[in-house]
Structure formats: structure tokens, C-alpha cells
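Student: Once you've had a glance at the structure underneath, I'll fire off some questions.
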Amino acid sequence: MPGILTYALHDDEGNFNKNSLGAISEAAKLAGEVGGEAAALVVGEVADDACASLGNYGAAKVYRATSVPEGLAQPIIDAMAKVIQDEGFSYALFGGGLLGFEIGAGLTARLNAGVTMEVTEVKVQDGKLVAERPILQDSQIADVGYVSEPGIIIGRLNAFDAKESGGTAEVVDVEVELSPWSTKATMVQRGEQRGADVNIEDAEILVGGGRGLGAADGFKLCEELADSMGGAVAATRAVVDAGWYPYAAQIGQTGKTVAPKLYLAAGVSGAIQHKVGMQSSENILAINKDPNAPIFEFSDLGVVGDLHKIVPKLTEAIKAKRG
Amino acid sequence: MPAVKPSEFPPPFDPNDVIGPPTDPEEERIEVGIAIVGGGPAGLACANKLMQLLEDEPELTEKLGEVPVAVIEKGKVAGAHLLSGANVDPSALERLFPDLPPAEWPPVYQEVTKDATYFLTSSKAFPLKPPPPNFRKEGTYTLSVSKLGRFLAEKAEEAGVYILSETAATKLLVEDRIVRGVRSGDRGRGKDGEQLGNFEPGSDVVAKATVLAEGTIGHLTYAAYDYFDMCEGSDPQAWELGVKEVWEVPKPLDRVIHTLGWPLRWGAKYKEAGGSFIYPMGEDKVCFGLVVGLDYTDATFSVHDELQRFKQHPFIAKIIAGGKRVGWGAKTIPSGGYWSLPKRFSVPGMLVAGDAAGMVNIAELAGIHYAMHAGMYAAEAIVESLKKDVDSVNFESYDEAIRGSVIEKDLYKSRNMKQPLSRGLIVGGVVANALVATKGNFPPGHWKVEDNAEPAMFLGRASERYPKPDNEVTFNKLDSVFLSGNATRDDAPNHVRIQTRVPREIAQTWVSMCPAQVYEIPDEQLENGAAEVDVHVTASNCVQCGAITAKGGRLTLPEGGDGPLYQET
Amino acid sequence: MKICVLVKEVPDAAVQKRIDPNTMRLDRSGEKNLNPFDTHALEAAMQIKEGGAIPVEEVIAVTMGPDSAVRALHKAVALGADRSVHLADDALAGSDVCATGYSLAKVLEAESPDLVLLGQQSDDGECYTIGAVVADHLKMPSLTQVIKIDVTDGKLRCERQAEYGYDTVEVELPAVISVGDAINEPRYPSLKAIMGAKKKPLDTKATGDVGIDGGAVGEAGSKTSVLALNPPPPKQAGEIIEDEDTNETVEKIVAWLDERKLI
């Protein structure tokens, strides 16, 4: 029976990862069109109701492998390969994030399958799934089809949105025999936070600061705004050059590339060297006092004004709204 | 506002800093037979010719050791830093590879069969009939010099030459007034020159003969001229700055075009001399560029922005309509011609060839074939001398070859053509035409070449006419630098030598002149009316055009591999 | 210990990339370079060798690619690899991720490495985490996005950044480790090393030499196919607000953010 299997990543407290929930919702939507059901694989000691709750995002069934450890890909490859082969799933779909890539890539080898990575959309054509992936610095979209089954789809970070639909999933326990090499890597410490080194590449919301901030302490405005939204702070080459912010936060041709849900650019001109590092952001909001700044050509919302007046008020308003 | 000369603010640079004896212990020095600095037309023609000649000289080849010929090229690949028009006289191509007809050279787009010269006003284009003879290009071949570099390097490597790309030659090794080789640049320094974690020092490369074919920048060449007094009695060198774009176009261009007049101003006080070229590149591309002498006087004049303006003229707009910009670049070209040539082209152990040796006929916009001829003469002189005595450092037969060649002859004919143009287009035009008509004999005399940093700069109004970029036809400098392929790391050491606190006119000159937006006046000083301002340098934007050296500063070499990666310029 | 470093030749980042309309694959005719991520892998290999915690007999650069890929191998050798292996075969052209991972695994198998290092991804954006594909074929443990490697008692202690923060993982050898660019600052090759690179041994292998099943690779063996190439959906022209009454402006911004569920 055709169907789509997804992987539900969770942390040590049993909270499911947002991108995994998005993958389940996406799988449910696609299964509705192409036939079959959407299911999820969960590993580790996860409670019945937590597993069943994945039905709220569209999973008809949840396969649980309690003896498989979480956090490293290879034991999960063993589990997913088994379920896909035993149940005959036609597709495996992963939300963005490292583990999804590692598991999906491993399954490619294990199942001799086709894989598409950094997928932004999936559609149905002639009863089959077609994955869309951007190429050439997002200047073109390639439609990729699968020649055989199963097909593996690995989404870009934040590509699939979690949608609640009501419903619970049937929980099925599975026993998995681990491959000898799957036990050769052991987690010593998982998920250590390192405070200062915020990984801007994973942030959903980024506030980017540029020359328009005027001086290094302009970044205080950015930090407060970012805090109010639960986001992180990024910087342009020019201000990092001037020593206003560390290189780790630099975005652009000679810095990092990001694709957050929101990129709020404060005092950023939008020169191409910066643009290529953030142009795939889902929403771009720009505040700049120069109406001719290049950033206004590709922002979704452009505000021509003094950021020193606007940003503090915006921060207050957002704090108030979020309560 | 008083006008100020850039020459009054000389750069903090001492040519003696780039000349000295080898410093590596002997066993660590890299020994090669012949070291060629510069992977351009001159250097690579020399390298290829050397290997051809060495095929018949097995004894000499053996004496030259494991690496008979090495080419040291600062770009990522040979061709990465090359930019020109270009319509090339086939004589050098035929001489280097007689079995390969010029039309079949991979960098060649077509033979030129039709050409035209126009005089532009702000809205019209008047064909000049009869066309000025110096712009007749029939029988030449349009090619990309950037692709030429790649092609010649490929041929050289096939023949056994070592092409050391991403390597800058930063010091000329001289002992007892004999040139012994060059030293390669360090890599892995930070912004202030400090050694970073992956610091790798350069090496001394010692050779039996060193050929400097560095191109328009001539980093070691100009230092050598000073050290060895090679230019005693010559006029100073002068340069023109060319900014060029490559476009994909729906309608093929059927002729080679040169233009004069607009957008350059013809008043004598502006000293804006130059013109444009528009060349077809096969069926689906064209290239065009504006080339302007760097003796202009309006501090707000920007060749890049004049080029953007140029595209809005109906004549040009028609040619690029419906097209897409796919390339951009900028480079200077030496314009002094005959009077600026060095008096000697060789000293013990060293020969100079190509643009660095001033071998450019600016009136005809020709230099590539002279560079290649010179490279081949250098190869012949080297082999002739070393085969008699492998330790000989005497290459004077090279000087004789250059003096008796088409290089000297052609440059002599146009020796007074460029200089009159800096007296304004009317006077200049008349004089230039007289020169062309009389094949260089009238007017007589020696019209001196003036140092580009001598004319006093004033804050004029050139910039008021520059269009705001629309990103379809017109583009800003930073976007253009991106298109050149420049991705130099931000913490690269600053290779630009200028005084950083200067009168506003000088600062503005550099800011406007530089096509890559390397120089900036801090925002708060832009409008405050102060007579003196600071100049901020973003060295990593630099595309190494060389203009700063002409106008009061000095370009030294960035680390190997930095700068643009030109594809088809 | 024998270390194999997988390297790939990719179009230079500065070259305008385009798709070859005939093959629907990346046009690789322009300038090429050693994948920058792989230089980090080479540096990691050299640091393990020079670190001395475990004796390393050989560092071997391995690549799968057309004739021009030898340049990437020369560069790898100039950076310290002792020799290189080039898997070159027309039959491999057009291989997808699955076929590429399989082929690389086969050529690595022939070398029996104790450690395989490679860059996390390739600059041409064609694939991420190919290390995980290779590892499954080789039946070795795999870890990607690694930014620190320590060798202790014949095991590797690695740090890598995952969804919830930094993981510290112990991996037994033999293993496949894919490194991120934050792991180190790659060295520059010395002129001597560059000039000596062509003299180091370079073995060229065809599919038959390493037991690759021709039917499983190349265009024909591909499990995916590019059906179409389209421009991205036209972005709706952005809205521009001129700030006159800042309170009003901020209200509009908040409404916009709210509408898109960003706050």
C-alpha cells in the first residue's frame, strides 16, 4: 500500500521538533492526494499519549521503536529501513534539520533509493510525488521525480508547516535489530547549549544590523528587538569590518547563508554581497532611511524611516502583544 | 575651492622595499630555469615559445633543471585578472602557433570585417567618414584576453611549463645588481599584516633569467626601473582607465564600433580624453567599455558611472535592448606610448615585456600582439644567450630585437597622438588627425607625456549626471564587483598604499575614480565642509585595476588568488 | 592508521552557474576548484597526522570525476596528501546521490581506510551528507557536521552541532566523518608543495577495477530524474511604507508580522 513515512525527532523531554511536525502535516496532505496513509516513526521511550498526539498533525499510525536510542542517525536508519520494507511505504519524508539529512542519506544507500535534498515544496503529478528544490542560488526550481520506490524527500529547514487537524494516531511498537556499525557511535552529551555562540543559521527570526545603525551601540537596539521576538542578531560585512559585531554573525558572500522565516534588516543597504546570504528568507522586512537603498527592491515590507525612532517602539509594541 | 594635485600626497611606499637579496637558506630556495612573472599574453607567449625552442636544445634543457620554465600568476587562474577589448592583430598568433589559424583559436569570436567610428552627442551618433585610420580593425580578430590567458596557459602546461597560479611575486631578488629571481608573497596574514593561524611564508624562486610581464600594474617592474635607472630620460608613464561590460543580447552586432565625444566633456579644463569600444562576441554576446585618460581634473568623475550613463544613449541602448549583463571588469592601460618607454628593456638577469614595459599603442588600442611579440623575443634572446653560457646574465640581444621590431616602429608613429587630446577634443582632434594623416610626421617634436597625478583636481559636477542604478541596464559598483567574481576574504591585509588624511578633493578623486568602491569618506565627514577628510579603504573590494597608482597612490600586491575571476573580459 | 579524504571538484563559487539545458544538470564547463569544504577535511587529516596521538602512515585523496578532477587531486596533494586515487569512467557520468555514494564506497573499500574524512557538503549544492550514504555501504559508523575531532585510545571524540545544541559523540574506528567548515582554518600550500604535487603517485581506476556494477551507476542507473526547470514563483512586489507618524507605522508593522504569524 502506498504511503509516506516520516521521522518524528524529539528532545530528551519528549517535545517533538517543529520541522518533524511539519513533515508529518505535509505527509498527511500528500497522502490524501496520492493515496495511502501518512505515518511517523518515533524512537526511544516515548509515552503512548505523546505518540498518539502526532495524529493531531496528520499521522494515521506511529511506529515506536523503544529500544532504539535517539540522537544519532544510524540506529534510526535501521528502524526506518525495517518499517519501510515491512510495510511497503512508497516515500520517506523528512523535515529540515541535521538528523533528517543523515537518516535520509543513509536510507538512500540502505534502500538503493533516489533522494532529493533541500526540498521546498512537494506536489503530486500523475499519482506520484514530485519534489521541488531550488538550485543555482535559488534562481531556478528543479522538479525532481522518482524512478523507483521508495523515494526519499529531505526538506529544507522550515519548508513544511505544522498543521493541527485533530485526530489521534494508532501506536504500533516495533522491534528493530541494530546493524553492527550502528552501535559504534555513542552519544556522550547531547544538546549542550553554548550561549554566546548562537547559531544564526538555525534561527527562525533574525534581526540584521547594518551601517545605518550609526555606531556599535546601535546593535543594542537590534538585540532588544530580537529578544522580543525570540530571534537572533546578524550583521553585514561593513559593520563586522568596523568591529561593531563579531564575524560569527556576518551574513553574506563571505559570511553565512541563512533562510529564516523572518529577516528584519535594520539600517542595511542590501548590497548584493549581503543579499546572497539572506535572499531565501521567507519574509524580509527592511527599515532604512534611504528610499533608494537596494534592499527595498527585494523586501516584502519596506519601511522608509529612521530606525532609531522605529525600532525601540516596535520592540515595545511586540513585547506588549506577546504579553 | 583651491584645486589640489594628487602628486602632493605621495603614497607611503618605497620601491626599495620590494627589491633585495634572497633571504631563504640556499637549500630551501626553489630553483627554476626561467621565471616569468605574469600569466598574461606577454608572459605566456614567452613561456610557450621557450618550450618550443628548448625542444631543439636538449643540452640546455637539462641544465635548466627539473623546472625549466615557471610562470608566476597572482590570479586564481591565468586569465582571472586579464581584461581588454580586444581586436588583435594576427601576426603574433601566427608567429606563436603557425599551425593554428587565428580564426580557430578558442578565445577568438570572429575576424573583423566591418568597423565604424561614431562621434556621439548626448542624443545622436554621427558616423565619421572616412573613419579615422587608427580605428580600422579589418583583418584583426576579436577575442577575450581573459580566455586567451586560459588558452595559452593550457598550451604552456601541455608543453611542460609550471603555472604557479594564486602566487604573487612580491619582491625582486637582486644580488650585486644582478637579478636572481623573485620572491613569492606570504599567505595567511590578517588585516593589519599580522600572521594568522594558517600563515604560510613565501619562497625565494631563483632562476637563470627572470622575465617581468606583470601587465599594467608593473609592481616589480616599476621598482626595477627606479633601482636600475632604466627610464633615464623617458617621460613618466600615464594610464587610461577602462571599465567594461559583457552582455548577452538577442540581436547580433555586425560590426566593431568605436565612439568619441559624449559622454566625455570637450572643454580643455576637464582633460577628459578617451572614447568607447563596442565589439561583437559571436552571435549572442557583445562587450563594450569606456576608456578614459586618468589626467582628468573633476574629482567627482567616475568612469564606471559614465559607462552606466553611456548605456542610456539611444545608439547604445538599441544594441543592448532586451539583453542581460553577464560580465563586468575594470583595468588600466598604459598610454604614454613611445616617449614613456624605458630606455633599456633588460638588465643583468632580467627582461621586461608587455604592458609593464609600456608596449601599448594607445592610439590604435593595440597592445596584446606587441606583448606576445615581446614575450617571444624575450624567449629567443634568453635561449640564445643561455645556450652559449647557461650562467650568462646578458640579454641585450632582446633590447636590439625590440628596437628593430614593429613594437618600436608602431609606437614611434603614434608617439604624439594621445598627448594633444588632453588639451581638449577640438585642439586634440585636429592635431590627432594631422598625425594620423601624416603617419606621425606632423606635428613634429616631442609632446611630453604628463604624470596623471600632476593635474590639479577640483570638485566639479560630473557626478550630478550619474543615473541611479535601475539594476536592469545600469548597476552600482558593488553589484559590479560581485559580478567580477571577486570574493576576497574580508580580513585580507590592506594592499593599497595611500595617505589616509588628505584634502577633500583628493579623497573625492579616489572615491569616484575607483570602479570597485574601495575608497570611502566617512558619512559624518561627507557633508561637514571640512577641507581635510579621512579616507577609509575596503581593500577586499579591489579588482586590481591599477588606477590608484596613476592618481597619487600605489597599488601593491594582495595575496595570491585574491581579486576578480574574470571569465570573458 | 590510513586516512582517506574524499574530495570533489566543483565549479568555482565566483563563476555564474547555469544548468546545461541538454542534460538538465549543472553545466560544469567553467572554472573548477577543489570544494572548499574538502580543504577543511584535508586540514583535519593533516592535523591528526601531525598531532601524533595516533601514527598515520598515509593520507590519500580520493575523488570521482571527469579528467579535469585531477586538478582537485593535485591541490589535495599540495595540501599534504601522500598520494591520490582518481575514479574516472564515462559510465559514471550523470550518477545521482545514490549511485555516487555507492561508487565512492567501492573505491574506498579497495583502500581499506581506518578513517574517511570529507567535507559536509559540496559547493555546487548537489548533495549534502554524502558521507552518510558512503558510510552505510561501508558498514561504518558515520557522523556529519563535525566541528572538532580528538583522537584518544584509537577512538574519535567528536563534537558536532545538531538541532538541540552541541553533541559530543564517541566513534569507534573505522569511521566516516563529515566535517563542517567551522572545524579549522585550512593551511595554504607552500610553493614547493604545489610544484611537487604532480610527482606524487596518482592511480586512475575505472568502474571495473573496483567492482562497481555498471548498471547501478550513471544516467541509466539514476533513481531520480529532473522533470523540469522553472523560474521561482514571481515574488509579489513588496510594500513600502513611508514613516510619518511612527506610532502608526509601528502598528502597521505589527499587523503585518501578526498576519504572517511571525510573532
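Protein chains in written order, with this note's numbering: chain H, 4 to 326; chain P, 1295 to 1863; chain L, 8 to 270. Backbone N, C-alpha and C fix where the C-beta goes; we use that ideal spot for every residue, glycine too.
Could you give the distance in angstroms between the alpha-carbon of I1330 of chain P and the alpha-carbon of C1808 of chain P?
Tutor: The straight-line gap from Cα to Cα measures roughly 29 Å.
Student: If we count the other Cβ atoms within 10 Å of its Cβ and call it buried at 16 or more, is L99 of chain L buried or exposed?
Tutor: So L99 of chain L counts as buried.
Student: Check the Cβ of A1329 of chain P against every Cβ in chain L and list those closer than 7 Å, keeping chain order.
Tutor: Within 7 Å Cβ-Cβ: nothing; A1329 of chain P doesn't reach chain L, min ~11 Å.
Student: Using a beta-carbon distance cut-off of less than 9 Å, what residues from the region 1462-1485 of chain P approach chain H?
Tutor: Against chain H - using a Cβ distance shorter than 9 Å - the residues of the region 1462-1485 of chain P are K1485.
Student: Please list, in chain order, all residues of the same chain as G103 of chain H whose beta carbon is under 6 Å from its beta carbon, the five residues on each side excluded.
Tutor: Contacts found: F97, I157.
Student: Is there a C-beta anywhere in chain L that falls below 8 Å from the one on N1492 of chain P?
Tutor: Chain L contact via Cβ: present.
Student: Taking its Cβ as the centre, do 16 or more other Cβ atoms sit within 10 Å of E1367 of chain P, making it buried, or is it exposed?
Tutor: With 16 or more Cβ atoms within 10 Å of its Cβ, E1367 of chain P is classed as buried.
Student: Going along chain H in order, which residues have a C-beta closer than 8 Å to the C-beta of L1772 of chain P?
Tutor: The answer, in chain order, is A274, I275, Q276.
Student: For E1469 of chain P and G1314 of chain P, what's the separation of their Cα atoms in angstroms?
Tutor: Rounded to the nearest angstrom, the two C-alpha atoms are 7 Å apart.
Student: Which complete beta strand (DSSP E) runs does the region 1613-1640 of chain P hold, if anything under 3 residues is left out?
Tutor: Listed in chain order, the complete beta strand (DSSP E) runs (minimum 3 residues) inside the region 1613-1640 of chain P are 1618-1628.
Student: Determine the chain H residues that contact A139 of chain L at a beta-carbon separation under 7 Å, and present them in chain order.
Tutor: Near A139 of chain L (Cβ distances below 7 Å), the residues of chain H are A76, E105, A108, G109.
Student: According to DSSP, simplified to helix, strand and coil, what is V1597 of chain P?
Tutor: Helix, per DSSP.
Student: Indicate the three-state DSSP secondary structure (helix, strand or coil) for P1304 of chain P in the structure shown.
Tutor: Residue state, collapsed to three classes: coil.
Student: If you run the structure through DSSP and keep just helix, strand and coil, what is F1445 of chain P?
Tutor: If DSSP states are grouped into helix, strand and coil, F1445 of chain P belongs with the helices.
Student: Identify the contact partners of V279 of chain H in chain L, using a Cβ-Cβ distance below 8 Å as the criterion.
Tutor: In chain order: nothing, as chain L lies at least about 10 Å away.
Student: To the nearest angstrom, report how far apart G37 of chain L and P18 of chain L are at their CA atoms.
Tutor: Distance between the alpha carbons of G37 of chain L and P18 of chain L is about 7 Å.
Student: For D250 of chain L, is the classification buried or exposed, using 16 other Cβ atoms within 10 angstroms of its Cβ as the cut-off for buried?
Tutor: Buried is the call here.
Student: Between which two residues does the alpha helix (DSSP H) containing I275 of chain H stretch?
Tutor: 275-281 is the span of the alpha helix (DSSP H), which, as asked, contains I275 of chain H.
Student: Taking T1594 of chain P and G1754 of chain P to be in contact with their CB atoms under 8 Å, please state how far apart those CB atoms are, rounded to whole angstroms.
Tutor: So it is a contact: roughly 6 Å between Cβ atoms.
Student: Are the beta-carbon atoms of I203 of chain H and G233 of chain H separated by less than 8 Å?
Tutor: No.
Student: Grab the span of the alpha helix (DSSP H) containing D1520 of chain P for me, first residue to last.
Tutor: Where D1520 of chain P is concerned, the enclosing alpha helix (DSSP H) stretches over 1513-1521.
Student: What does E64 of chain L reach in chain H if we use C-beta pairs closer than 7 Å?
Tutor: What E64 of chain L touches in chain H: nothing, since even the nearest Cβ is about 22 Å away.
Student: Between the region 120-134 of chain H and chain L, which residues of the former have CB atoms less than 8 Å from a CB of the latter, in chain order?
Tutor: Answer in chain order: M120, E121, Q128, V133.
Student: If you measure beta-carbon to beta-carbon, which residues of the region 1779-1793 of chain P are closer than 7 Å to chain H?
Tutor: Listed by position, the residues of the region 1779-1793 of chain P near chain H (Cβ gap below 7 Å) are A1781, R1783, D1784.
Student: Residues bridged to W1533 of chain P by DSSP?
Tutor: DSSP lists P:P1628 as partners of W1533 of chain P.
Student: In the region 280-297 of chain H, which residues sit with their C-beta less than 9 Å from some C-beta in chain P, listed in chain order?
Tutor: Taking 9 Å as the Cβ-Cβ cut-off against chain P, the residues of the region 280-297 of chain H that qualify are N295, P297.
Student: For the region 163-174 of chain L, list every residue whose C-beta sits within 7 Å of some C-beta in chain H, in sequence order.
Tutor: The region 163-174 of chain L vs chain H, Cβ under 7 Å: Q168, A169, E170, Y171, G172, Y173, D174.
Student: Check for me: the beta strand (DSSP E) holding N40 of chain L runs from which residue to which?
Tutor: That run of the beta strand (DSSP E) goes 39-41.
Student: For V217 of chain L, I'd like the list of residues in its chain whose CB is within less than 6 Å of its CB, leaving aside the five on either flank, ordered along the chain.
Tutor: If we look at V217 of chain L and ignore the five residues flanking it on each side, its Cβ neighbours are K113, V114, A117.
Student: Using three-state DSSP, classify P297 of chain H as helix, strand or coil.
Tutor: P297 of chain H: helix per DSSP, three-state reduction.
Student: Hey, could you find the ends of the alpha helix (DSSP H) P1352 of chain P is sitting in?
Tutor: First-last of the alpha helix (DSSP H) with P1352 of chain P: 1352-1357.
Student: Rounding to the nearest angstrom, what Cα-Cα distance links P73 of chain L and L1859 of chain P in this structure?
Tutor: Distance between the alpha carbons of P73 of chain L and L1859 of chain P: 23 Å.
Student: Are the beta-carbon atoms belonging to H1552 of chain P and T1407 of chain P less than 8 Å from one another?
Tutor: It is not a contact, given that the beta carbons lie outside the stated cut-off.
Student: Report the CB separation of N1492 of chain P from R194 of chain L in whole angstroms; it is logged as a contact under 8 Å.
Tutor: Between R194 of chain L and N1492 of chain P the Cβ distance is about 5 Å, and since that is below 8 Å, they are a contact.
Student: Less than 8 Å between the beta carbons of S1778 of chain P and G1623 of chain P, yes or no?
Tutor: A contact, by the Cβ cut-off of 8 Å.
Student: Grab the span of the beta strand (DSSP E) containing C1581 of chain P for me, first residue to last.
Tutor: Counting along the chain, the beta strand (DSSP E) containing C1581 of chain P begins and ends at 1579-1587.
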